[in-house]
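Numbers given in my numbering equal positions in the sequence shown, counted from 1, plus 169.
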Amino acid sequence: MKNSFFRFLALIIVCFAAFSFQSCKDNKDDKYTVWTDTGTYAEFQQAFQADLQDGYYVRIEITNDEWKEIAKNLDNEGKHRWDEETIKKWLISNGFGESEARKESSWFAVVDHGLLATRTGNLVYLILK
């Protein structure tokens with residue numbers, strides 16, 4: 170009786186472990202639709218009514234209602250299908266450090282809709298998902 174109980178318990182543990190390993194699957198192959206754009210700092214200030222210091226960035230999570238309004242104005246210009254690694258490379262090429270780019274590209278992979286804006290001098294680089 171004891172032996173069959175331990176076998177049953179071991180079987181349950183193996184099943185839970187198999188499901189948990191599957192749910193921890195890496196999302197490296199997932200692709201996300203993103204838009205990228207570049208504008209002047211003055212354009213950024215006018216559009217967002219906000220300041221952004223040179224060398225800094227801002228991260229904004231966008232609600233579904235806000236996304237519905239934004240999506241009406243999007244077209245294919247600047248539109249990409251990128252994986253998390255490509256997003257990370259874009260962030261690095263636009264002023265992010267390695268650790269910031271890793272953190273923010275991971276955030277981008279899990280958020281439904283979001284915006285990152287980074288300022289370098291008079292230019293502001295945007296990525297939107």
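Glycine included, C-beta positions come from ideal geometry on N, C-alpha and C.
TODO: Please confirm whether any heavy atom of the ligand SAM lies closer than 6 Å to the CB of residue 293.
DONE: Looking for the ligand SAM in the displayed structure turns up nothing, as the structure carries no ligands at all.
Task: Inter-stretch contact (C-beta, 8 Å, three-pair minimum) for the stretch 285-294 and the stretch 205-223 - done: Three or more beta-carbon pairs drawn from the stretch 285-294 and the stretch 205-223 are found closer than 8 Å, and the two stretches are therefore classed as touching.
TODO: Give the straight-line distance between the Cα atoms of residue 297 and residue 231, rounded to the nearest whole angstrom.
DONE: About 9 Å.
- [ ] Inspect the beta-carbon positions of residue 200 and residue 271 and report whether they are closer than 7 Å.
- [x] It is not a contact, given that the beta carbons lie outside the stated cut-off.
Open item on the list: Is the separation between the beta-carbon of residue 305 and that of residue 204 shorter than 7 Å?
Closed with: The structure shown has nothing for residue 305, since the chain only spans 170 to 298.
Open item on the list: With H, G and I counted as helix, E and B as strand and the rest as coil, what does DSSP make of residue 201?
Closed with: If DSSP states are grouped into helix, strand and coil, residue 201 belongs with the strands.
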